[in-house]
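Protein sequences, first through last, are from chains A and B. Each residue of the first sequence is one higher than the one before, starting from 8 at the first, in my numbering. Each residue of the second sequence is one higher than the one before, starting from 8 at the first, in my numbering. Below: one structure, written as structure tokens.
There are 2 protein chains.
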Amino acid sequence: RRTSKLNHMLKTFGKWIICFMIGVLVGITAYLVKQSVEFVNEFKFDQSGKYLEDERKFIAFLVYYSINILFGVSASLVIIPVGQIASGSGIPEVKGYLNGIRIPQSMNVKTLVGKLVSLILAYSSGLILGPEGPMIHIGSMLGGAIGQVKSKTLKWYPKVLWKYHNDRDRRDFISTGAAAGVAAAFGAPIGGVLFGFEEASSFWSRQLTWRTFFACLIATFTTNIILQGFDMQLHDYGVLKFGLSNKYLYKYSELIPFALIGVAGGLFGALFVNLNAHLSQWRSKFFANKKIYLRVLEVFILITITSTILYCCAAFTPCRSKTQANGSQTNSLDTSSSSILSSSGDNSKNSTKLFKLLNNASGEDKQEDKFIAFFCEQGEYNQMAGLSFNSLDAALRLLFSTSTDIFTIPTLAVFSLISFILTTITSGLMLASGLFIPMMLVGATFGRLVGQVIALFVSVDPCIYALVGASAMMAGFSRMTISLAIIMVELTEGTQYMLPVILSVMIAKWVGDFFNESIYEHLIEQKCYPFLQSQPPKSMIKLGVVDIMKTEVVTLHEVERVSKVIEVLKSEQHFHNGFPVIERPRPLDPNRKDAYGNLEYYEDETTYSGLILRNQLICLLYYRIFCHEQPLPQNPRLLGGNSNRRYNQRRFGRPTEYGYAPADPRMTYELMTQSLARHFPPIDKMNLKKEEIETMYIDLRPYMNLSTIVANETYSYSETYSIFRTIGLRHLPVVNKKNEVVGIVTRKDLL
Amino acid sequence: RRTSKLNHMLKTFGKWIICFMIGVLVGITAYLVKQSVEFVNEFKFDQSGKYLEDERKFIAFLVYYSINILFGVSASLVIIPVGQIASGSGIPEVKGYLNGIRIPQSMNVKTLVGKLVSLILAYSSGLILGPEGPMIHIGSMLGGAIGQVKSKTLKWYPKVLWKYHNDRDRRDFISTGAAAGVAAAFGAPIGGVLFGFEEASSFWSRQLTWRTFFACLIATFTTNIILQGFDMQLHDYGVLKFGLSNKYLYKYSELIPFALIGVAGGLFGALFVNLNAHLSQWRSKFFANKKIYLRVLEVFILITITSTILYCCAAFTPCRSKTQANGSQTNSLDTSSSSILSSSGDNSKNSTKLFKLLNNASGEDKQEDKFIAFFCEQGEYNQMAGLSFNSLDAALRLLFSTSTDIFTIPTLAVFSLISFILTTITSGLMLASGLFIPMMLVGATFGRLVGQVIALFVSVDPCIYALVGASAMMAGFSRMTISLAIIMVELTEGTQYMLPVILSVMIAKWVGDFFNESIYEHLIEQKCYPFLQSQPPKSMIKLGVVDIMKTEVVTLHEVERVSKVIEVLKSEQHFHNGFPVIERPRPLDPNRKDAYGNLEYYEDETTYSGLILRNQLICLLYYRIFCHEQPLPQNPRLLGGNSNRRYNQRRFGRPTEYGYAPADPRMTYELMTQSLARHFPPIDKMNLKKEEIETMYIDLRPYMNLSTIVANETYSYSETYSIFRTIGLRHLPVVNKKNEVVGIVTRKDLL
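This is how it looks when you write it as structure tokens:
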């Protein structure tokens, strides 16, 4: 017993080590993404900036555009060898995996690398997309990879990690990785944990909370320390970071506009989800039978559109004096609101060093950094360029800055419309892209717009409105609640805006839920993942388990012919990977034997005995755990035993008295566990002799799972659903009152 | 179907309304507690302050002491009629209830009122105890009460709430209430939600998170608005509130002392748990057969000790000039460290208005409020009195204040020791008391002590150390993790200290876990609640379900004699409240009849059919749902039916074809649901006729639960445990391969 306690402690300690490594690796990855993007962006704006100085606007655009195209198309091309699974945000895949769905390729190293490269390239391409969604997927892939460093590609299976080679631990590490991804991306450790719990995971435990918190903290910290060294604070820098002042606080009467922004966020969010779902459907139909290079072409076209629109917006916006922006609020708004977006072009010279904004990672807003000159003269700046000809992070920082008058109302109105449209059409392209930052940008622009309109009449601080707008818009499309609120609070480094944020999130979610479900639910549905929501579909609530189960269930006998096992494994008729094992009753006539000289049994008795999985069968085949003759099933119950007698039957691999079927010495618990992490060759290449196949048997009794939950056929559908959902089942054999197998339920049957 | 969807929506909407009401009520209660305590404390310090002015120290003490005694003893006397359940923090009861244990009296109105009154009195008694634990229990009782406004005492059962009259909804409302209690007490809505999830609940869902968040927000907000009107912010005021400045930030090298404080917190926490557990054991043995008034006497003695020690501490501390406290840090520390606690008494006059500190609920530390004069002259103050002769909230505010030199090192050393000892002996007294504030006080004093010692050598800010110390100490005794970290962050209104807080919490928990379990686990164990931890006990992990199940299981037939049902209900031999219902096989000989003229059956066949609960049986008896003759069990399977045929058997109350046993028209689903919320008279008082009892039958088939999970006797113990824990089962029938009932497992069998 002391050894087992020590083992348990070692295992737990190992989990902490793994979580630490997840944190560090995710942190480093977030840093890599951030740093590469910053480098590329700086290069891009520097190069095109050179020509801006000389007033060669078109050449500047061409440089800007061609760099965008270069990166965007590369980001798209990277996806082709890796597979479609690496495109998009990956959140549906993470949610699906954590719900218990095995999505092929979704968690392997190839996808990880492809997604990472595609993300860095795509995020530098000037498209309106964010790194958070892909970071979550990357985090979860890292979690899955570290948890069981093995690789189908490399064929490397280290022994020390065998004990984590099971579904539950893998799932936990993937949850942790996803949460660490959020934490590192936003610099929000608590928000990361809550995201993992609320949005990503379907199964969660208290131990997991604490370990995940640890990993999130390490991830945030790692990113920060590499970026800035030991001089800075935990929250000084995520991949994204805003420094809201906490001098100005809102008044309670402002809760009404905040609530209205919440309503708007919900409406726009629902609209976005709707548009996006339709667009995705159209896309998948349109590209269904066409060549994959058309999808690259699509990216090309979209980059062209995006770059053109964003550049032109900036180019056609008149310059504005810096003194205007610094003037007192009411005055400056009056004067500036007259400078409506007109078709002008009297811009000029002098920018370069303003692009240094992107270098300046420190949390403090330097006054100078707020202004992008674009073509404007010294002492002037282009307000639209601050949003459109700028990295998204920097644009967001501008929107959240406390200077009340950097932007005019028309600029904000135009940009919120443009960014909404561009975000909608960009999402779903064949490159790694996330939605958080773009939707935040849309929301912040819209919120600031509302704030500035209100500021025309009453003295308010538009930066709070920008924050509220960003929260509302994100809640509107993602329907996240508490995790979103916390992320926003952590971004603003203070709790003083919590109430407005929470209010808008709550209202946006309610309003959005009135129209449709979140974008992730739509994507999951569209990708046909058998995702189990926490509640069963209402339309089916009155059914029983017999209405949904597969009745054509493939069963195996406790001691089964090798030929039958191979036949079952090769067959593609059945769609379940767990096979109920049934007992054979005693022989009717001990003198009757079948063709192989074995006793014949009633074939209509199918008493349920246990469950065996496909990969267990393959493993048994591979190691040739065959027996020469079929031993008699010696279940004492069937030999007339007393049902009150105590049997010491235990789980697989332990000594057993039940049916007197000890495990074969060639197949121990350790070997089986290790084997399940391996990748076996197809059955045809296992060099099984024809003789073996035809005459030998496999004794499944020591290996089958005896502790499976079994449903009686009287079960209701909703009960079945809730068992699947709470325990995370994959197969549920259904038996009748005589314990005969009459069917099997898998996840897909529930939907 | 449309009706059912509407009903579902109405039910969900109802839940939101109930959560809103929980929030408002908990908020008001928190306000009441806060306000009454403030009033009483003010009265107390005002009265004794009068005599302090005249230098009549002993009379001042007598006044102070007698008020303390008055309230403390009343708080204890209140418990006597209500019962022991109302004393202590109530957190073990809440955890136990949410784990699925029915603890008698733990959630009823009498306990609620008793606890509330006792809390207000006890919190004003000068004892070192806090209101948070009892507020959690009060919140959960309010949650349970509002969720199903019914009362055994008042016999009032409103119809509109029937649909929430089930275990799951009640449990959810109680979780919400507990979380709202934390939120209102600390002014920390997010911390409240996380507390509910991490510490209080064993079952949690995503829907619950969001509704609980809502309730927490409402609770926090209600308390704030009543206290201060609409001028203030969400976080301006919990029952407890600190205003840490965010000007000074720590250096990374300070993480080392923070980690050491974490270690110390873990050690002291473990020591506290150990001492407390022993003391509680000693108490329960000592008072076991003695009169309950001895427990009141214990309270009396403890108040005497506490008041004397705290008063004397203040009285024997020399006065200190206010200018010293305001001087620059290093200088003042040098000068002040010489003024060691000496036996002096040259204190004098002038206090009164300083007690106004307690009135001053606003978040801003006024300079004047930091000083308690006690006997000192104008321009001087008594540093110890600020801690000991003050309300605990005010003392905490002082400890967290940024003024670096209010306290000298000896004062802090003495007070941290005294408060640790007093907290240890106070906890467990017969009055409503919590541990959060006292342990926070101990931790903050200790932390500030460490900070000031370090400040002798390096320039640091002791208030951060106080915060870290408080976090570490709370983590050390409660082993809370993420919820504690968030509560501390919410208290400090900023995330800038998150890293130190998290670090110390993490280390304190690890260190503490090395020695023992949390105080709540110890209390739960001591109170013998069958609490299921999230992991099964390691010592039993290799057992099977047959090793732990009760084999003497009481079963009922599908159609059972009334006499048998009554016999089963009256018997006290068996310890399970759910009875497996078994099928009778077809009659052996249709001509053989028993004494009542019914067919006789094999008695050794016990095929499992469903599960019926004790209160369902009582309800059936009460409404006399009897049938005259015993209908033949017409299960088609036993009549030779094909097991592939689809039967439309559903859950209770729905039309059924299974065995052709429709529900009796007198007992509908609605009536049953309503009835289960009622309190029935004992069976002897139901006026059942002897004739009915002897000749009539009850047909259980329409009412029994057909969707219960059933364990095969091959189940492993750990599998069984995890099913109980994840699904929240109470009864698990165990069957053999022929589906005959061979045993039953209840929660108590698992431990």
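Here a beta-carbon is modelled for each residue, glycine too, at the ideal position from N, C-alpha and C.
Once DSSP output is grouped into helix, strand and coil, what is the label at residue i?
| i | result |
| --- | --- |
| G107(B) | coil |
| S132(A) | coil |
| D706(A) | strand |
| R652(B) | Any reading at R652(B) needs caution, since the residue's pLDDT is 37, under 50, leaving its predicted position unreliable; the model's value is listed next. Residue state, collapsed to three classes: coil. |
| V467(B) | coil |
| G750(A) | strand |
| A477(B) | helix |
| N14(A) | helix |
| E387(A) | strand |
| A368(B) | At A368(B), the pLDDT of 34 sits below 50, so the modelled position is not reliable; the number obtained from the coordinates is stated separately. Correct three-state label for A368(B): coil. |
| Y615(B) | strand |
| C26(A) | helix |
So which residues on chain A does residue i lean against when the C-beta distance must stay under 9 Å?
| i | result |
| --- | --- |
| M513(B) | W217, F220, F221, L224 |
Mind checking whether residue i and residue j have CB atoms under 8 Å apart?
| i | j | result |
| --- | --- | --- |
| I268(A) | V475(A) | yes |
| L134(B) | T311(B) | no |
| F484(B) | M446(B) | yes |
| L405(B) | L419(B) | no |
| S768(A) | L438(A) | The displayed coordinates of chain A run from 8 to 758. Any statement about residue 768(A) would go beyond what the structure contains. |
| L105(A) | R218(A) | no |
| A479(B) | G272(B) | yes |
With distances taken Cα to Cα, identify the nearest neighbour of residue i among the options.
| i | options | result |
| --- | --- | --- |
| S714(B) | L628(B), G617(B), K516(B) | G617(B) |
| G150(B) | K41(B), A226(B), C634(B) | A226(B) |
| Y724(A) | F522(A), Y71(A), L550(A) | L550(A) |
| K329(A) | L301(A), G386(A), I308(A) | G386(A) |
| Y318(B) | M481(B), F396(B), L539(B) | F396(B) |
| S434(A) | P141(A), N14(A), K557(A) | P141(A) |
| R455(A) | S490(A), T409(A), I494(A) | T409(A) |
| Y259(A) | E590(A), L628(A), Y504(A), F221(A) | Y504(A) |
| P261(B) | M547(B), L510(B), E726(B) | The displayed chain sequence assigns Glu, not Pro, to residue 261(B). E261(B) has its Cα closest to that of L510(B), out of M547(B), L510(B), E726(B). |
| L136(B) | S83(B), Q91(B), G184(B), L442(B) | L442(B) |
| E528(B) | E305(B), N283(B), F633(B), D706(B) | N283(B) |
| I690(B) | F414(B), V569(B), P587(B) | V569(B) |
| T36(A) | Y130(A), K64(A), A295(A), A191(A) | A191(A) |
| G771(A) | A277(A), P138(A), T721(A) | No statement about residue 771(A) is possible, as the shown extent of chain A runs from 8 to 758 and does not include it. |
Please list, in chain order, the chain B residues whose beta carbon lies closer than 8 Å to that of residue i.
| i | result |
| --- | --- |
| V588(A) | Within chain B, no residue comes near V588(A); the closest Cβ sits about 11 Å away, beyond 8 Å. |
| K22(A) | Within 8 Å Cβ-Cβ: nothing; K22(A) doesn't reach chain B, min ~13 Å. |
| E574(A) | Here the premise fails: no neighbours, minimum Cβ distance about 22 Å. |
| H15(A) | K545 |
What does residue i reach in chain B if we use C-beta pairs closer than 7 Å?
| i | result |
| --- | --- |
| Y318(A) | Chain B residues near Y318(A): none, gap ~38 Å exceeds 7 Å. |
| N746(A) | K744, K745, N746 |
Along chain A, which residues have their Cβ under 7 Å away from the Cβ of residue i?
| i | result |
| --- | --- |
| R213(B) | E205, S541 |
At 8 Å on the CB atoms, spell out the chain A contacts of residue i, in chain order.
| i | result |
| --- | --- |
| L713(B) | N719, T721, Y722, S723 |
| T733(B) | T733, I734 |
| I489(B) | I197, V200, T216, W217, F220 |
Problem set entry | 4-residue-minimum alpha helix (DSSP H) runs that sit fully inside the segment 206 to 233 of chain A, ordered along the chain | none
Exercise. Which ranges does the beta strand (DSSP E) cover as unbroken runs of at least 3 residues, wholly within the segment 486 to 569 of chain A, from first to last along the chain?
Worked result: 566 to 568
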